[in-house]
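To start, the structure itself, in structure tokens.
Protein chains in written order, with this note's numbering: chain G, 2 to 562; chain V, 342 to 941.
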């Protein structure tokens, strides 16, 4: 782990400002630490030597009180702004990662949950990094050299004792860093896997109970937990070792300074004022460095998460073309020889797909599960770049355009997509079907009758103003599908992709799809229908059967991960 | 579980949760001892150094200093060593505690009621359970141990200074309380304030984040990504405002801690110098009294963070115990133990079993019934189709019939014995249930099938998968039966997932099977699987209940039960009887549409 990732400063404005503030406060704190040590020694030494009484040192103690107040203030200010900076930086990064993740297209490699963890809990771990670690890092760069310089000016032998240990500190810091980085990352992986297994068992508990087999896995949960504890302890034993050496060196160094100063005092080589100043300053040289070590563990998770976030942000998004999409009302979409590698299955699904979607026609993609019907729909939507073949737009009376060269936004402006599990944003039912359009109530009522959404609305006391929670909470999957179909009917996109539109509908599902497709046909819109049920295929003008190839495609044609 | 947990008066959730950590107290004592030794070494180092230097300035014979010099060096070494030991002991405690708690949570949920579990799964709250267990475990290392260590060392420091000058000792104790009690109090206040104000916004942020990640592609096509991210940014600003509000008390807490140490030093000067002048304190002792406080605050400085950790763990413990308490509530108050006319003595583990429902009403706890007045007999050889509108109700009916949910009214008996009163193993040896949202585990195909029965052989597994039409799918898998299916059955399409679930149900040892929508999302174009379940070819000699809304294959069922929208039985009989019955217009109409479309 790099103590301060330059990418963090580059990508987060609030982080930059915060580092500046922290540096300024760090400089101030260094001055105050030195002042405090000198004033304390000046107040104490003459009294111990018996050369001064209360009246002689009262002024010095007054100054000391001021310095104490100023130090408390600096610490308070630091804390006051640290939380704010951490919070804003996390929010900023979260937004960037989400935007980029969406731009990267649908994830088919199963990293979705890991990404969700990263964006929520992972990035939140940056808070201790900002609030605790970073300020100490800055103090290590200000207080440590300033105090050491003062000690050097007062007593070079003590300074040499410290200076002998001090270079070892970065070395051990580095060792701590290397050890912890490897362990933190390995621990994250192990933790994740063990945690996932336990959660998987918990999630499956109703199923296990249904088969009367819920007792057995308790032993497995226990074994997993103990394996986890053992694995973590063995890594901690090593990780803490370097921390111990660090602490040993710094404390021992302070002890040696004290003993050295003591013996030089006995021989009269040093006066008490200098001795006391050095004694008070010596621990201060090491304090920030030790704190950096202490907070390293807590902050390393956040930094690891930030690095993951940066790595994701540096992943190139699929290139969007620059050409404006041709008018789909007069453009055919043609797939030729399209093949997509199915992740982890060693097969092309679909394989060698040829398809011609003419304006105003209803084309159905048929075939058994797993042959890549949905994948083919993603390719048509421009969400997925095919590994083989290409998608060509053929406008009437104009040269053909490759979909890869077309600007996504202009393409999406003309396409609507009803996936198997439609996403609904929180808001009213009315807003969900309108999708930011002006919708006449009678058009809405008509569309809702066609999709059966009218019954769903009628069943809610507050009708169209019924508010949906996140992820369409409050609606069943079938009801969500009806909402999405209604939205598609009310829209004006020319190409409508319906992916298994009856998958979660009741017995009237087939009838709903028939009515929706007929209405879309009447509106002159183009429909690409993914379906496996025979009764749905009957609504299509053209049925194209999708096939997969079981053969491993040549490596260079595959995706690089 | 031997202790009478439920009867005990409600105690603080954190105390109860800590009891579940299985903490070994001698280890805790060892951790406190080593921790106090480490911190104490630092204080002793400061005190002895101060004495050494002040005494040295009086130029005594060197011999007089040698003990102190050795002591200083020793403390310089012991600090690091003891700290290392303390960290190992305390982390070991915490990790084992978490493992213990996780096992306890699993055990209690496994033995408890089903409804809270299903609700947990539906609410996608399982991830929170994992995090909460960690938070409770953290209370040991980050909350309780630092507090204990700081208390021991703080007391020791105050006593040390107090022996030399009682007033200075009292003052140091006061300042330590300021740093160790007042500062943490402010820190907790800050955390509470942030938590209270930010909680709703944070939940929104998480939900919006998940929506953006899951539905990102769809939102992009619909042009909804920017509005979503704008909403997210607004919520993040709300969080930021809340954090800002909490940062003020946090700043007070931090400043208090720093000021306390300064005050301690200033106070010892103010008290010590006149005492020295008055002869109550020697000059050397004055150095010790003034300089010891510089090292005495290290423990107290950790307490604000420790207090916040205790608060956090407290919330987590409350959530975990709510869940455990919900699962542990008595499964059923006093219900009908046996159905009228049943013969309890005839109940046996094997042989011909009959699942009998009488005047059964099924309801999700706290919701109106989805099914009422249902009479049902499932026996080997009988194959029943329950047809009705889909929704959350089907799972409720099946859970009730399987004895996993108490009936809202009426009774369910297995060979005359109340199915809910049987142990899970007894009930499952008679009835196996597969819900629509049954879990596919993140393990191999074979292990997933072995959930039904532990001794399923690879050959049996392959044959059963083939019987439900997954033969070609199995052949395509890179590692066959040993292919890992991934979390949430991600490697399966919807149809494949359902067929795997059917195969798993078929492999269960129970003679009676309850299945939820085996074909809804299945490219079972000709209804082969549903037909096979209902004509007995897939389930020879077994009793089967299938809840479905598809009608293909129903002509082979022994009985078709048609539910209306209110959950009452509208008509029942064989397929042919229903077609002839005037009461089943809808059935006839639906049947004709479906048959018509399938043959078109």
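C-beta atoms are modelled at their ideal positions from N, C-alpha and C, and glycine is treated no differently.
- Taking the C-beta atoms as reference points, residue 574(V) is found no nearer than 7 Å to residue 534(V).
- With respect to chain V, the C-beta atom of residue 62(G) has a partner C-beta closer than 7 Å.
- Taking a Cβ-Cβ cut-off of 7 Å, the neighbours of residue 585(V) in chain G comprise 85, given in sequence order.
- Membership of residue 389(G) in the beta strand (DSSP E) is indicated by the continuous run 389-396.
- Less than 7 Å separates the beta-carbon of residue 370(G) from that of residue 836(V).
- C-alpha of residue 858(V) to C-alpha of residue 726(V): approximately 10 Å in a straight line.
- The straight-line gap separating the alpha-carbon atoms of residue 695(V) and residue 853(V) is approximately 8 Å.
- Using a Cβ-Cβ cut-off of 7 Å, residue 201(G) counts as an interface residue toward chain V, since at least one Cβ of chain V sits closer than that to its own.
- Straight-line spacing of the CA atoms in residue 819(V) and residue 93(G) works out to 42 Å.
- Under the three-state reduction of DSSP, residue 851(V) is assigned to coil, being neither helix nor strand.
- Beta-bridge analysis with DSSP links residue 529(G) to 364(G) and 498(G).
- Membership of residue 495(V) in the alpha helix (DSSP H) is indicated by the continuous run 486-505.
- Ranked by Cα distance from residue 746(V), the first of 354(V), 707(V), 718(V) and 440(V) is 707(V).
- At a beta-carbon threshold of 7 Å, the residues of chain G lying near residue 617(V) are 48, ordered along the chain.
- Going by DSSP, residue 902(V) is part of the beta strand (DSSP E) stretching over 900-904.
- Its Cα nearest to that of residue 899(V), the residue 875(V) stands out among 879(V), 875(V) and 911(V).
- Distance from the CA of residue 736(V) to the CA of residue 906(V), rounded to the nearest whole angstrom, comes to 16 Å.
- Of the candidates 371(V), 917(V), 380(V) and 362(V), the residue whose Cα lies closest to the Cα of residue 639(V) is 380(V).
- Counted as a single uninterrupted DSSP element, the stretch harbouring residue 337(G) is not any alpha helix (DSSP H) but the beta strand (DSSP E) occupying residues 332-340.
- The Cβ of residue 101(G) sits no closer than 7 Å to any Cβ of chain V.
- Residue 429(G) is positioned such that its CB atom lies no closer than 7 Å to that of residue 458(G).
- Rounded to whole angstroms, the gap between the alpha carbons of residue 228(G) and residue 165(G) is 42 Å.
- In terms of Cβ geometry, residue 243(G) and residue 176(G) form a close pair [threshold 7 Å].
- CA-CA distance, residue 421(V) to residue 368(V), rounds to 20 Å.
- By the criterion of a C-beta distance shorter than 6 Å, residue 37(G) is surrounded in its chain by 68, once the five residues flanking it on both sides are discounted.
- Contact annotation for residue 267(G) against chain V: 397, 400, 401, 403 and 406 [CB-CB distance below 8 Å, chain order].
- By the Cβ rule, the stretch 437-452 of chain G counts as touching the stretch 513-524 of chain G, because three or more pairs are nearer than 8 Å.
- Of the candidates 282(G), 481(G) and 25(G), the residue whose Cα lies closest to the Cα of residue 254(G) is 282(G).
- Cβ neighbours of residue 84(G) within its own chain (closer than 7 Å, five residues either side excluded): 132.
- In the DSSP assignment, residue 703(V) is bridged to 712(V).
- Around residue 553(V), the beta-carbon contacts reaching into chain G at under 8 Å are 99, 102 and 103.
- With a cut-off of 8 Å on Cβ pairs, the stretch 419-426 of chain G is in contact with the stretch 493-502 of chain G, counting three or more such pairs.
- The straight-line gap separating the alpha-carbon atoms of residue 413(V) and residue 394(V) is approximately 11 Å.
- Collapsing the DSSP output to three states places residue 751(V) in a strand.
- Distance from the CA of residue 761(V) to the CA of residue 455(V), rounded to the nearest whole angstrom, comes to 11 Å.
- Taking 7 Å as the threshold, the shortest C-beta distance from residue 570(V) to chain G falls below it.
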